[in-house]
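The block underneath contains the structure these notes are about, expressed in structure tokens.
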Amino acid sequence: MSPRTGHFNLLARVLHWSMAVMILAMLFVGVTMVASLQWRPQLIDLHRPLGIAIGVLVLLRLYNRLRHGAPPLPADLPGWQVLAAKASHVLLYALMLAMPLIGWSMLSAGGYPIVLGGGLHLPAIVPHSPALYAALRSAHSLLAYVLFATVLLHLGAALFHLWVRRDGVFQAMARGRD
Amino acid sequence: MSLFRFRREGGLARTPRAHSPLPWIALIALILGVLALAFAWFAGWVGNRLTAQRFTDSIEASGTTQPGFRRAHSKGVCVSGVFTPSAQAATLSTARAFSQPQVPVLGRLSIGGGDPHGADNSARVRSIALQLSTDDGQQWRMAMNSFPFFAVPTVAAFHEQTLAQVPDPATGKPDPKRMAAVLEKYPSARAFQQWAKTAPWSTSWASTTFNSINSFWFTDAQGRQRAVRWRWEPQAAFVEMDAAQRAAAGVDFLSEDLRRRLAEGPVRWNLVVTLAAAGDAIDDPSVAWPAEREQVVAGVLSLQHMQSQEAGACGELNFDPLILPTGIRGSDDPVLAARSAVYSQSFNRRERERASGATAAPATEHAR
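Protein chains in written order, with the numbering used here: chain A, 5 to 182; chain B, 261 to 628.
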């Protein structure tokens with residue numbers, strides 16, 4: 005199902021750009037809080053609720069995408085670029101869904117309280133287990149690096165469409181009309 | 261080159277390009293490069309600043325870290341019991357632990373040092389870690405020590421002190437000149453050394469006072485915030501252990517003593533909260549507050565059971581002192597934030613080692 009206008013709908017655009025900011029912030033907050041001797045308390049208080057918020061928003065975004073589809077790519081886009089675009093979008097969706105779930109599971113497996121702030125907290129979703137914690141903790145880091153690399157690739161490709169190909173792909177997400 | 265061929269939908273194919281793509285490609289590469297470099301810098305992969313990872317590496321280098329064990333205060337036993345808040349506690353903070361009639365407690369009594377089989381009779385520092393789990397689903401974790409103030413005022417000083425304990429590869433022993441330099445530089449390190457030399461040793465964990473060291477903020481029902489420190493004041497009488505008795509005591513005398521006491525009944529401490537007055541050092545753990553500060557007994561800890569740290573629930577917990585319920589928050593003490601960061605590193609490394617089969621069971625297992 006493709007939209008008729010050649011542009012993503014308003015909800016898709018609002019979600020895309022707000023989540024772009026949130027995800028990039030999350031990635032930087034994540035690596036910083038793990039390394040920092042000074043800022044961990046403040047950053048982790050931000051990381052948990054923001055991660056859960058991204059997890060909720062991506063569900064809405066996935067629903068909107070499946071329901072309304074995406075505008076077609078330019079007809080002359082080489083096949084490998086079409087494939088790269090589709091594969092990276094699938095990967096981005098998969099990681100946006102997986103990262104909050106892995107983070108939540110990881111805290112559960114580590115016996116940590118899952119604090120969102122203001123007295124709000126989430127229940128554990130997996131048993132308290134060192135083996136599970138170790139695996140999930142490593143996965144959370146590794147997939148964060150994969151997500152960051154994919155985001156960079158996505159940004160590079162978007163700017164390539166905007167400045168080099170000048171083919172309207174970037175504009176499809178940037179505005180509602182030509 | 262097909263990479264650069266483009267056509268807008270509805271436009272003409274092979275329209276002559278009006279711009280050279282190279283500056284644009286260079287700009288894109290620059291943007292991506294700056295982002296990647298910034299990411300690497302924040303992660304501590306480039307640059308040489310002190311990170312939680314490097315600090316933990318230094319701790320490992322300074323001690324006798326064993327895979328699957330805590331990086332510091334490695335020897336200990338698991339304990340469990342209840343906390344009963346006093347009537348005054350609820351006036352200090354809205355934390356549920358101060359209003360719930362009885363709060364289940366999981367914890368760990370330990371000795372300083374990185375050797376999980378270290379000798380109790382040579383460990384100057386003793387410690388307690390606790391997790392209070394309240395019925396609102398929140399947790400309050402503490403990690404407290406028997407010394408009355410921290411040896412150094414800052415994270416940088418803490419790292420200097422840790423490095424001074426790293427054995428010199430030439431001699432296999434720490435270079436005494438490095439520790440002398442730390443003592444020279446920090447008056448609190450000299451005061452700490454004085455405490456270590458002169459403070460009497462007690463015969464039991466049960467008669468040891470444990471201090472929060474770092475400061476915290478309590479918020480009461482009116483929203484008033486007060487800087488506090490707290491300590492566990494033992495109900496058991498203090499019995500001093502002189503040097504000869506200490507030399508004669510076994511390497512596991514603390515857990516043996518605790519087991520004997522628990523067989524007869526709960527072992528108790530009072531939670532004594534000290535309220536800061538204007539001008540007290542809130543964010544410097546190396547400065548003790550004057551003894552005449554207002555103090556409130558906020559409740560009683562009754563420990564009832566003990567288990568080995570291999571068998572008990574405390575082994576798989578990170579007693580991060582910044583896991584706090586609403587009504588309590590950490591101060592801006594930089595050492596407190598650094599403890600939280602390093603504990604997390606230590607926990608991650610330990611759990612990975614345990615997951616990959618590192619033996620966590622000591623050769624001799626005393627606390628059954």
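All C-beta atoms, glycine included, are put in the ideal place defined by N, C-alpha and C.
Contact with chain B by residue i, beta-carbon distance below 8 angstroms
i        : result
A:Leu31  : yes
A:His144 : no
A:Trp21  : no
A:Thr36  : yes
A:Leu47  : no
A:Ala176 : no
A:Leu156 : yes
A:Trp167 : yes
A:Leu163 : yes
A:Gly59  : no
A:Ser6   : With a pLDDT of 48 at A:Ser6, under the threshold of 50, the modelled position of this residue cannot be trusted; read the value that follows with caution. For A:Ser6, the answer is no, since every Cβ of chain B falls outside 8 angstroms of its Cβ.
A:Leu159 : yes
A:Pro134 : yes
A:Gly115 : yes
A:Ile106 : no
A:Phe152 : yes
A:Ala138 : yes
Minimum C-alpha distance to residue i - residue among the options
i        : options                                   : result
A:Arg213 : A:Leu105, A:Ala88 and A:Leu14             : Residue coverage of chain A in this structure runs from 5 to 182, which leaves residue 213 of chain A outside it and unanswerable.
A:Pro117 : B:Asp395, B:Ser464 and B:Gln399           : B:Gln399
A:Ser142 : A:Leu124, A:Trp167, A:Leu111 and A:Ala89  : A:Leu111
B:Gln482 : B:Ala350, B:Ala312 and B:Ala332           : B:Ala350
B:Asp580 : B:Phe607, B:Tyr446 and B:Leu423           : B:Phe607
B:Gly559 : B:Gln495, B:Leu310 and B:Ala440           : B:Gln495
B:Ile285 : A:Gly83, A:Leu166, A:Val62 and A:Leu50    : A:Leu166
B:His333 : B:Glu613, B:Arg612 and B:Tyr603           : B:Tyr603
B:Ala601 : A:Pro134, A:Arg17, A:Val86 and A:Leu47    : A:Leu47
A:Leu156 : A:Gly59, A:Leu120 and A:Leu95             : A:Leu95
B:Glu361 : B:Ala503, B:Glu613, B:Gln485 and B:Asp395 : Inspection of the sequence shows that residue 361 of chain B is occupied by Pro rather than by Glu. For the residues B:Ala503, B:Glu613, B:Gln485 and B:Asp395, the minimum Cα distance to B:Pro361 belongs to B:Asp395.
B:Gly510 : B:Pro408, B:Arg528, B:Thr463 and B:Ala598 : B:Thr463
B:Asp592 : B:Asp543, B:Trp492 and B:Val557           : B:Asp543
B:Pro526 : B:Leu561, B:Ser515 and B:Ala503           : B:Leu561
B:Ala383 : B:Leu392, B:Leu369 and B:Pro427           : B:Leu369
B:Ala597 : A:Tyr97, A:Leu63 and A:Asp49              : A:Asp49
B:Glu420 : B:His377, B:Leu522 and B:Pro434           : B:Pro434
A:Leu81  : A:Ala178, A:Gly10, A:Val173 and A:Asp182  : A:Val173
A:Leu31  : A:Leu63, A:Leu146 and A:Ala91             : A:Leu146
A:Leu61  : A:Ala102, A:Trp43, A:Ser92 and A:Tyr149   : A:Ala102
B:Ala403 : B:Gly397, B:Thr431 and B:Ala389           : B:Ala389
A:Pro134 : B:Pro429, B:Ser616, B:Gly590 and B:Glu611 : B:Glu611
A:Ala139 : A:His125, A:Thr154 and A:Gly114           : A:Gly114
Rounded distance between the beta-carbons of residue j and residue i, thought under 8 angstroms
i        : j        : result
A:Leu19  : A:Arg65  : 5 angstroms
B:Arg553 : B:Thr534 : 5 angstroms
B:Ala298 : B:Ile588 : Actually they do not touch by this definition, with Cβ atoms about 35 angstroms apart.
B:Phe470 : B:Asp380 : About 16 angstroms separates the two Cβ atoms, so there is no contact after all.
B:Val337 : B:Met566 : 5 angstroms
B:Thr414 : B:Ser318 : About 15 angstroms separates the two Cβ atoms, so there is no contact after all.
B:Thr325 : B:Arg331 : 6 angstroms
B:Leu366 : B:Ser340 : 5 angstroms
Chain E contact for residue i (CB, 8 angstroms cutoff)
i       : result
A:Leu41 : Going by chain labels, chain E is absent from the structure shown, which instead holds the protein chains A and B.
Chain A contact for residue i (CB, 8 angstroms cutoff)
i        : result
B:Phe302 : yes
B:Trp477 : no
B:Gly397 : yes
B:Arg330 : no
B:Ile588 : no
B:Thr311 : yes
B:Arg614 : yes
B:Leu290 : no
B:Arg601 : A small correction: the amino acid at residue 601 of chain B is Ala; Arg does not occupy that position in the sequence shown. Yes, B:Ala601 lies at the interface with chain A (some Cβ there is under 8 angstroms from its Cβ).
B:Val365 : no
B:Ser262 : Low local confidence applies: a pLDDT of 45 at B:Ser262 is under 50, so the model's placement there is unreliable, with the coordinate-based value given in what follows. For B:Ser262, the answer is yes, since a Cβ of chain A falls inside 8 angstroms of its Cβ.
B:Val412 : no
B:Ile542 : no
B:Arg267 : Reliability of the predicted coordinates at B:Arg267 is poor, the pLDDT of 45 falling under 50, and the value obtained from them is presented with this limitation in mind. By this cut-off, B:Arg267 is an interface position.
B:Asn633 : Lying before the first or after the last residue shown, residue 633 of chain B is absent from chain B, which here runs from 261 to 628.
Bridge-paired residues (DSSP) for residue i
i        : result
B:Trp461 : B:Met501
B:Ala487 : B:Trp477
B:Phe343 : B:Val363 and B:Leu561
B:Ala403 : B:Ala389
B:Trp305 : B:Trp305 is not bridged to any residue.
A:Ile118 : A:Leu126
B:Lys335 : B:Ile371
Q. For the stretch 568-582 of chain B against the stretch 293-308 of chain B, are there 3 or more C-beta pairs whose distance is under 8 angstroms?
A. Short answer: they don't touch.
Q: Would you check if there are 3 or more beta carbon pairs closer than 8 angstroms linking the stretch 33-40 of chain A to the stretch 299-311 of chain B?
A: Touching, yes, given that three or more Cβ pairs across the two stretches are closer than 8 angstroms.
(Q) Does the structure place the stretch 543-552 of chain B close enough to the stretch 310-318 of chain B that three or more beta carbon pairs sit under 8 angstroms? (A) Because the criterion of three Cβ pairs below 8 angstroms is not met, the stretch 310-318 of chain B and the stretch 543-552 of chain B do not touch.
Q. Between the stretch 443-459 of chain B and the stretch 404-414 of chain B, do three or more beta carbon pairs fall short of 8 angstroms?
A. Judged by Cβ distances under 8 angstroms, the stretch 443-459 of chain B makes contact with the stretch 404-414 of chain B, as three or more pairs qualify.
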